[in-house]
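Trainee: Take a look at the following structure, please.
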């Protein structure tokens, strides 16, 4: 190395947009400089995005038995506070803790469904060897009824997530605002039929001159109570 | 563009904004709360409110009544996630993002009364007249 080294960033790692979207968890770690004035970079590739540790209530939880009892118990277990906002906050905190604990056994839907299918296949396999006992038959019947229910919860889970796309296009609030000008056009047509042609045309022309577009004339006509 | 604010506001009947909350109003809020919207910092959504209303009812009625009388400290529930939702595929400026607040459920509940929307309608109307953009809550 030189006696008076230039501290410039020489060693870089380049990545493309496709790479980043395929392997979002790619990390570049600079290692110790040995001998050369370049440094080795250790690149770790990963596609796994760590999940946030925040509590999130899933709608499908309500499909399981015992959830209401859990809510009732933990809601009433919390200490009562004088301030009602604080009171509710603490109750939610207790409920969150209880539900988090409960959900550990219920959140991995994929695994539960797999386990159910595996057990069903196993029971069918046993039946080919020997006839099943009454207990085994009952168990299989319960499992067969339970598995479609689990699949349904999976549908609820994905419906929740499919909604996110819709949000980008606009929610109820924006829809209202976008739709208003169309309503305004209807109103203008209504006004047209009521007013004498001369005054209407005059107003329209004035508005077009003042505000440029027809959509903006809306505000001239619409300032009436809803 | 100029307009007369006082004149505009008196066109709406605002007397009902002062009334105490009644059960009918509370039930309307509960009925109209969307069951599957994104959750706020507390992690609970509208479906939870609907499903477990019998259990949590008393606390929420007390909350709304205390909110009306002003005998409440909102600090513990007044929390929200502010999220930027892209309007286009690769947003570059703030104009291409829409900010939205994901508030906690109790706060959402007391701010969701119908009278708020009538007030909002006036504000949005006035804001649009001024050409201002508004954030949705």
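Residue numbers (our numbering), protein chains in the order written: chain A, 42 to 267; chain B, 1244 to 1380.
Cβ coordinates follow ideal geometry from the N, Cα and C atoms, glycine included.
1) Under 7 Å, CB to CB, which of the residues in the stretch 50-80 of chain A have a partner in chain B?
2) Check whether the stretch 77-85 of chain A touches the stretch 114-121 of chain A, counting contact only when three or more Cβ pairs, one atom from each stretch, lie closer than 8 Å.
3) When DSSP labels each residue in this structure, what does residue 75/A get in the three-state scheme?
4) To the nearest angstrom, how far is it from the Cα of residue 156/A to the Cα of residue 1290/B?
5) If the cut is a Cβ gap below 7 Å, which residues of chain B does residue 133/A touch?
6) Check whether the Cβ atoms of residue 1325/B and residue 1343/B lie closer than 9 Å to each other.
7) Go through its chain and collect everything with a Cβ distance to residue 131/A's Cβ below 8 Å, but skip five positions before and after it.
8) If you measure beta-carbon to beta-carbon, which residues of the stretch 1346-1357 of chain B are closer than 7 Å to chain C?
9) Within the 9 Å Cβ cut-off, does residue 105/A reach chain B?
10) From the DSSP output, in three-state form, read off residue 89/A for me.
11) Where do the ends of the beta strand (DSSP E) carrying residue 1346/B lie?
12) With a 10 Å radius around its C-beta and 16 neighbouring C-beta atoms as the bar for buried, classify residue 199/A as buried or exposed.
13) Tell me where the alpha helix (DSSP H) around residue 1318/B begins and ends.
14) Considering Cα atoms alone, identify which of 153/A, 98/A, 75/A is closest to residue 1286/B.
15) Starting from the beta carbon of residue 84/A, find every residue of chain B whose beta carbon is closer than 8 Å, and list them in chain order.
16) Less than 8 Å between the CB atoms is what I'm expecting for residue 1322/B and residue 1349/B, so what's the real figure, rounded?
17) Could you pull out every residue in the same chain whose Cβ sits closer than 8 Å to the Cβ of residue 1309/B, ignoring the five residues on either side in sequence?
18) Given a limit of 9 Å on CB to CB distance, which residues of the stretch 108-119 of chain A reach chain B?
19) According to the neighbour-count rule (16 or more other Cβ atoms, all chains shown, within 10 Å of its Cβ), is residue 1269/B buried or exposed?
20) Drop a sphere of 10 angstroms on the beta-carbon of residue 65/A, count the other beta-carbons inside from all chains shown, and report buried for 16 or more, exposed for fewer.
21) Run through chain A and tell me which residues come within less than 8 Å of residue 1312/B, C-beta to C-beta.
22) Quick one: list the residues of chain B neighbouring residue 96/A, beta-carbon separation under 9 Å, in chain order.
23) Chain B partners of residue 137/A, CB-CB under 9 Å?
24) Say yes only if the C-beta of residue 111/A is nearer than 8 Å to one or more non-hydrogen atoms of the ligand COA, and no if none qualify.
25) Would you call the stretch 127-142 of chain A in contact with the stretch 1327-1342 of chain B, where contact means no fewer than 3 C-beta pairs closer than 8 Å?
26) What did DSSP end up calling residue 1353/B once you bin it into helix, strand or coil?
27) At the level of alpha carbons, what is the spacing between residue 111/A and residue 190/A?
28) Kindly indicate the opening and closing residues of the alpha helix (DSSP H) around residue 1272/B.
Mentor: Inspection of the coordinates gives the following:
1) Residues of the stretch 50-80 of chain A with a C-beta less than 7 Å from any C-beta of chain B: none at all.
2) no
3) The sequence position of residue 75/A within the first chain is 34, counting from 1. Three-state result, residue 75/A: coil.
4) Start at 1 with the first residue of the first chain, and residue 156/A comes out as number 115. Start at 1 with the first residue of the second chain, and residue 1290/B comes out as number 47. The straight-line gap from Cα to Cα measures roughly 28 Å.
5) In the first chain, counting from the first residue as 1, residue 133/A sits at position 92. Against chain B, the beta carbon of residue 133/A has neighbours under 7 Å at 1285, 1287, listed in chain order.
6) In the second chain, counting from the first residue as 1, residue 1325/B sits at position 82. In the second chain, counting from the first residue as 1, residue 1343/B sits at position 100. Their beta carbons are under 9 Å apart, which means residue 1325/B touches residue 1343/B by this criterion.
7) Stepping through the first chain from its first residue, residue 131/A is reached at position 90. Annotation for residue 131/A: 119, 120, 122 place their beta carbon closer than 8 Å to its own, counting only its chain and skipping 5 residues before and after.
8) Structure shown: chain C not included; protein chains present are A and B.
9) Residue 105/A sits at position 64 when you count from the first residue of the first chain. At a cut-off of 9 Å between C-beta atoms, residue 105/A does not count as an interface residue with respect to chain B.
10) Within the first chain, residue 89/A is the residue found at index 48, counting from 1. Of the three classes helix, strand and coil, the one that applies to residue 89/A here is coil, per DSSP.
11) Against the second chain, residue 1346/B aligns to sequence position 103. Segment 1340-1346, the beta strand (DSSP E) holding residue 1346/B.
12) Here residue 199/A is taken as the residue at index 158 of the first chain, counted from 1. Classification of residue 199/A: exposed, given that the 10 Å Cβ count is below 16.
13) By 1-based counting over the second chain, the position of residue 1318/B is 75. Going by DSSP, residue 1318/B is part of no alpha helix (DSSP H) at all; its letter is neither H nor E.
14) Against the second chain, residue 1286/B aligns to sequence position 43. When only C-alpha atoms are compared, the closest one is 98/A.
15) Here residue 84/A refers to the residue found at position 43 of the first chain. In chain order: nothing, as chain B lies at least about 26 Å away.
16) Sequence index remark: in the second chain, residue 1322/B carries index 79 (1-based). Sequence index remark: in the second chain, residue 1349/B carries index 106 (1-based). Contact doesn't hold; Cβ gap of about 10 Å is too wide.
17) The residue given as residue 1309/B occupies position 66 in the second chain. Result list for residue 1309/B: 1315, in chain order.
18) 108, 109, 112, 113, 116, 117
19) Within the second chain, residue 1269/B is the residue found at index 26, counting from 1. Buried, since its Cβ has 16 or more Cβ neighbours within 10 Å.
20) On the first chain, position 24 is the one that residue 65/A refers to. Here residue 65/A is exposed: its Cβ has fewer than 16 other Cβ atoms, across all protein chains shown, within 10 Å.
21) Looking up residue 1312/B in the second chain gives position 69. Neighbours of residue 1312/B on chain A: none; closest Cβ ~10 Å, over 8 Å.
22) Locating residue 96/A in the first chain gives position 55, counting from the first residue. Simply 1282, 1285, 1286, 1287.
23) For this step, residue 137/A is matched to residue 96 along the first chain. Correct list: 1285, 1286, 1287.
24) Of ligands this structure carries none, so the ligand COA is not represented either.
25) no
26) For the purposes of this step, residue 1353/B is taken as the residue at position 110 of the second chain. It is helical.
27) Here residue 111/A corresponds to residue number 70 of the first chain, with the count starting at 1. Here residue 190/A corresponds to residue number 149 of the first chain, with the count starting at 1. Between the C-alpha atoms of residue 111/A and residue 190/A there is a straight-line separation of about 20 Å.
28) As a working note, residue 1272/B is residue 29 in the second chain. Its alpha helix (DSSP H) spans residues 1266-1275.
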